[in-house]
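Notes to accompany the following structure.
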Amino acid sequence: MQGFKQELNFLTHVWKLNFLSAMEYRVNFIIQIVMMILNNALYFIFWIIFFETFTAVNGWDLSNMLLLFSIVTTGAGIAFIFFGNATRLSSLIEDGQMDYYITLPKNPLFYSISSRTSISAVGDVIFGVFIFFFLIEFNAHKLILWVICSILVAAILTAYVSILGTMAFWTGRAQVLSEQGINAIMTFAMYPSSIFNGYTRLILFTVIPAGFISEVPVSLLNEPNLISLSILCVFTVIICSFSYWLFGRGLKNYESGNLLNINM
Amino acid sequence: MIIKTIDKYSMVMGVSIKNTLVYSKEILYRTSFMILLLFIFIQLWTSAYGDEASIAGYTLSQTIWYLVVTETILLSKIAMGNQISGEVISGSLAYTLGKPYHYMVYNFFSGLGDSFIRLFINFIVGSVLVFIIIGPISFKVSTIVPIMLVVLLALILDYLIIGMIALMAFFMEDVSSLFFIYSKMLFILGGLLIPIDFFPGWLQNIATTLPFNLILFAPASLFVNFSISAFLNILYQQLFWILIFSLILETIYRIGQKKLTSNGG
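For the protein sequence lines, the chains are A and B, in the order given. Numbering-wise (this note's numbering), the first sequence opens with residue 20 and increments by one. Numbering-wise (this note's numbering), the second sequence opens with residue 13 and increments by one.
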């Protein structure tokens, strides 16, 4: 317990430093956030046009898309604000830059993936929060569930992206795999899951777990029930534990680089 | 004189084609996102159409083949914007001024070679996927030349807009936000994912008045539903906007050249 507190305390300092360093270039900070909000908003216009013509697709309508966008953008935003370096994990391993993280007496996985904040992710959170509070009808129960779901989605995404990056311990080069995997999960997650069936659904609940960050939370918010919530919690624990275990295994294969670098 | 000029720029295009072919694996890697998107949209449109034979004048097959063309053009556009704005900002544009070519024309042909290879590969990859899942689209061989002409003019039009934005770097420190806004204009008003005919009336009017639809929507809609009158209409509009934007681009370039300062070192 003491170790966990120390780790959390350390990560809080890392996050604070990340934030201060991002704020150093204030105009750039604001531009990136505004761009991401605009990007998400314009993407949502596509769905407004789409549902103007089709009303519903296999039971999914615009209200479901609002829920989907509010959860996925908030979850992804939280993930990459706190663990923005997870997307670069494979490069760190490939280039032998993990040396910096493993020489300190801190958990190398948490330290490495938390040492960068994605500024545009702040825009994602603002967009998701705006949609939930201003475009969706909610009560206290729904609000609590939405917060829980967003945090679970953030945990699943962080674990999934870390797993992709960790592959570099064995494959050497995993940057392409990592990019493709992130593209795949985010793209599949932003469309109504009801359009997929058969093997595609199987993939979306296993290899590319987009179903757990889109369909399950949306159905949970539409019809709150303990079973769906339990499934989501259990899956989050499984994927996070697997990611942690896999990184530990991979670290044993790590070959240090002779690259001298300073972590600013 | 004219033959020499054509020779000069064809050489530039030839070098660009050779360079692109060296990195053919990179092009294939980029097509993977197109495959993913097409796969998702095949599922989406199939569910949305249900038993409907036609919506807004498009059959299911036409809507999906439309997306193949818009995605192909989007992923094969002449990608010189960042290079031009970078050279303006760094001042390295000054080194090219003494060379025997027009800077913007040189960059156009340099990007066009790469663009042709990408067009070919992206279209083949997208078509194979859609052919397997959805089936063929009725298509006349005689329409190939007019459609290719419209696609070429779409690439020129896009290059002129990108060029104008890139040259704004003479007056602004960072033009990335302008590139971003333009890409989003193409996404919505260009009809990237959904044909403009599906839009509500008021938005359709805005989209068809602005030139963005001539880059993605016009070539794609012509491909899935060819008619001579539609072809001529698109051709006139594209030529009109190309003329307007060429004049603006040349004006910005000349004003920018006068502002250019270069330091030795």
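For each residue, glycine too, the CB sits at the ideal point set by N, CA and C. Bear in mind the structure is a predicted one, so any value in this text is a computation, not a measurement.
- Restricted to the segment 91-127 of chain A, not a single beta strand (DSSP E) segment is unbroken, complete and at least 3 residues in length.
- Counting C-beta atoms within 10 angstroms of its own C-beta, B:Leu-201 has 16 or more neighbours from the protein chains shown and is therefore classed as buried.
- Where A:His-32 is concerned, the enclosing alpha helix (DSSP H) starts and stops at 21-42.
- A:Ile-182 is the residue among A:Ile-182, A:Tyr-130, A:Phe-73, A:Ile-257 whose C-alpha sits nearest the C-alpha of A:Arg-268.
- DSSP, read as helix, strand or coil, puts B:Val-187 in coil.
- Interface annotation, B:Pro-207: not in contact with chain A, CB-CB separation never under 8 Å.
- The beta carbon of B:Phe-238 sits closer than 6 Å to the beta carbons of Thr-155 from its chain, once the five residues preceding and following it are set aside; these are given in chain order.
- By the beta-carbon neighbour count (other beta carbons within 10 angstroms, threshold 16), B:Tyr-61 is buried.
- Separation of B:Leu-79 and A:Met-117 (C-alpha to C-alpha, rounded to the nearest whole angstrom) is 43 Å.
- Cβ proximity to chain A below 7 Å picks out nothing from the segment 119-139 of chain B.
- Residues are counted here when their Cβ sits less than 7 Å from a Cβ of chain A; for the segment 188-214 of chain B these are Ser-189, Phe-192, Lys-196, Phe-199, Ile-200, Leu-205, Ile-206, Phe-210, Phe-211, Pro-212, given in chain order.
- The Cβ atoms of B:Leu-226 and B:Ala-166 sit closer than 8 Å to each other.
- For A:Leu-81, the closest Cβ of chain B is not nearer than 8 Å.
- Not a single CB atom of chain B sits nearer than 8 Å to the CB of A:Tyr-179.
- Here the segment 85-94 of chain B lies against the segment 120-128 of chain B, with 3 or more beta-carbon pairs under 8 Å apart.
- By the neighbour-count criterion, in which 16 or more other beta carbons inside 10 Å mark a residue as buried, A:Cys-168 falls on the buried side.
- The Cβ-Cβ distance between A:Lys-161 and A:Leu-240 falls below 8 Å.
- When C-alpha distances from B:Leu-48 are compared across A:Ile-132, A:Gly-200, A:Ile-250, the shortest belongs to A:Gly-200.
- Residue contact with chain B for A:Ile-201: absent (no Cβ-Cβ distance below 8 Å to any residue of chain B).
- With respect to A:Ile-214, B:Ser-59 sits close: the two C-beta atoms are nearer than 8 Å.
- Three or more beta-carbon pairs separated by less than 8 Å link the segment 133-151 of chain A to the segment 89-107 of chain A, which places the two stretches in contact.
- Exposed is the label assigned to A:Glu-43, since fewer than 16 other Cβ atoms lie within 10 Å of its Cβ.
- Residues of the segment 165-197 of chain A whose Cβ lies closer than 8 Å to any Cβ of chain B, in chain order: Val-195.
- Within chain B, no residue has its beta carbon less than 9 Å from that of A:Val-226; the closest one is some 13 Å off.
- For B:Gln-95, no chain A residue has a C-beta closer than 9 Å to its own C-beta; the minimum C-beta separation is roughly 21 Å.
- In summary, A:Phe-254 is buried, with 16 or more beta-carbon neighbours lying within 10 Å of its beta-carbon over all protein chains present.
- By the Cβ criterion, the segment 203-217 of chain A is not in contact with the segment 134-145 of chain A, since fewer than three pairs of Cβ atoms, one from each stretch, lie closer than 8 Å.
- According to the DSSP assignment, A:Phe-65 belongs to the alpha helix (DSSP H) that extends over 45-73.
- When DSSP states are grouped into helix, strand and coil, A:Val-226 belongs to the coil group.
- With contacts defined by Cβ atoms closer than 8 Å, A:Leu-86 and A:Phe-188 do not form a contacting pair.
- Per DSSP, the beta-bridge partners of B:Ile-67 are B:Tyr-70.
- At the C-beta level, B:Leu-234 and B:Ile-246 come within 8 Å of one another.
- Residue environment: B:Leu-109 is assigned as exposed (fewer than 16 neighbouring CB atoms within 10 Å of its CB, all protein chains considered).
- Within chain A, Val-195 have C-beta atoms less than 7 Å from the C-beta of B:Tyr-41, given in sequence order.
- B:Phe-143 is outside the set of residues whose beta carbon lies under 8 Å from a beta carbon in chain A.
- According to DSSP, residue pairing for A:Val-76 in a beta bridge involves A:Trp-79.
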